[in-house]
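Notes follow once the structure below has been shown.
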Amino acid sequence: MKHIKQENESLASSKRLIFALKQARTQLEELQRQKSEPIAIVGMGCRFPGGVKDPESFWQLLKNGVDSITEIPGERWDIKDYYHPDPDVPGKMYTRYGGFLEKVDQFEPQFFGISPREATAMDPQQRLLLEVSWEALEHAGLAPDQLQGSQSGAFMGICFEDYSRFSVNSGDPTRIDAYSSLGNTRSIAAGRLAYIFGFNGPTFFLDASCSSSLLSVHLACQSLRYRECNLALAGGVNLMLAPEATIGFCKLKAL
Numbered sequence: 004m005k006h007i008k009q010e011n012e013s014l015a016s017s018k019r020l021i022f023a024l025k026q027a028r029t030q031l032e033e034l035q036r037q038k039s040e041p042i043a044i045v046g047m048g049c050r051f052p053g054g055v056k057d058p059e060s061f062w063q064l065l066k067n068g069v070d071s072i073t074e075i076p077g078e079r080w081d082i083k084d085y086y087h088p089d090p091d092v093p094g095k096m097y098t099r100y101g102g103f104l105e106k107v108d109q110f111e112p113q114f115f116g117i118s119p120r121e122a123t124a125m126d127p128q129q130r131l132l133l134e135v136s137w138e139a140l141e142h143a144g145l146a147p148d149q150l151q152g153s154q155s156g157a158f159m160g161i162c163f164e165d166y167s168r169f170s171v172n173s174g175d176p177t178r179i180d181a182y183s184s185l186g187n188t189r190s191i192a193a194g195r196l197a198y199i200f201g202f203n204g205p206t207f208f209l210d211a212s213c214s215s216s217l218l219s220v221h222l223a224c225q226s227l228r229y230r231e232c233n234l235a236l237a238g239g240v241n242l243m244l245a246p247e248a249t250i251g252f253c254k255l256k257a258l
């Protein structure tokens, strides 16, 4: 009888082991399936040089072969103060041209529940992300105000922060107010989106230089596949508001 009992216990143990192995295999197969699971892009929003305000106008610009490169507009910086054809002249840039968005100073803060004073301290890149993210959700047929408390994520790529030279990095501490730090910190851009839209999913910014927006889309796809969120806003923003970065690229002879 003792021998039979031992055999039964051994058999039960083997069954439990086989069951555990089957469970592990099922979980592994599910993880492998998730890695290649297709992701649906349900909405888009964008701004590009050349007057592009949405995906449709961007397609028209590409289809018609429009050259959207222009001379550096005066509202960014006075090119006469910084241009010189010799790339080795200190403090100068050898190009007069670039791709620029128009009217980046225009923003309706009340629409997003932001006071005019706080909006003035906000980097226009943060403002632009709010506008285009709202448009992307509308393009998807989603009401942004109905996403409060949802397991949605925000993944935003940002590299430069030119606007900070007018406040926190101006060299004049009297220009810093209660909103300056939040308005000019890149990580706040994604957090502000999550706060205004009420997202409860993963939220962060990343800087991978020219591939920042591409990487943000990649990480958003991973997050969706691993069920960390069920909807993701992914993108990037870059506004050239000051001459320093362009001067730096000219010194590299990269333009």
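Counted the way our numbering counts, the sequence shown spans residues 4 to 258.
Ideal Cβ placement from N, Cα and C applies to all residues, glycine included.
Because the structure is a prediction, the values reported are computed rather than measured.
For the alpha helix (DSSP H) assignment, the uninterrupted runs of no fewer than 4 residues enclosed by the region 160 to 202 are, from N- to C-terminal side, 183 to 186, 189 to 200.
9 Å or more divides the Cβ of G174 from the Cβ of D126.
Per DSSP, reduced to three states, the secondary structure at A257 is coil, with no helix or strand assignment. Around the beta carbon of R28, fewer than 16 other beta carbons lie within 10 angstroms, which makes this residue exposed. If you look at V220, you'll find it in the alpha helix (DSSP H) that goes 215 to 228. Going by DSSP, F61 is part of no beta strand (DSSP E) but of the alpha helix (DSSP H) stretching over 58 to 66.
In the DSSP assignment, L209 forms a beta bridge with G160. Checking the DSSP bridge columns, you'll see G102 has no partner listed. Using a C-beta cut-off of 8 Å, the region 91 to 105 makes contact with the region 61 to 75, since at least three inter-stretch Cβ pairs fall below that distance. Restricting attention to A143, Q129, E33, the CA atom closest to the CA of S190 is found in Q129. The Cβ atoms of G48 and L64 lie no closer than 9 Å to each other.
Ranked by Cα distance from Y198, the options L217, I161, S153 are led by S153. For P90, the CB contacts under 8 Å within the same chain, skipping 5 residues up- and downstream, are Y97, C253, K254, K256 in chain order.
Secondary structure at E231: coil, using DSSP grouped into helix, strand and coil. Between the region 154 to 162 and the region 211 to 219 there are three or more inter-stretch CB-CB distances shorter than 8 Å, so the stretches are counted as touching. Taking a 10 Å sphere around the C-beta of D165, we find 16 or more other C-beta atoms and assign the residue as buried.
Partner residues in the beta bridge of F51, as assigned by DSSP, are V55. DSSP, reduced to helix, strand and coil, places A245 outside both helices and strands of the structure shown, so it counts as coil. Closest option to E40, judged by alpha-carbon separation, among F169, A223, W80, L140: A223.
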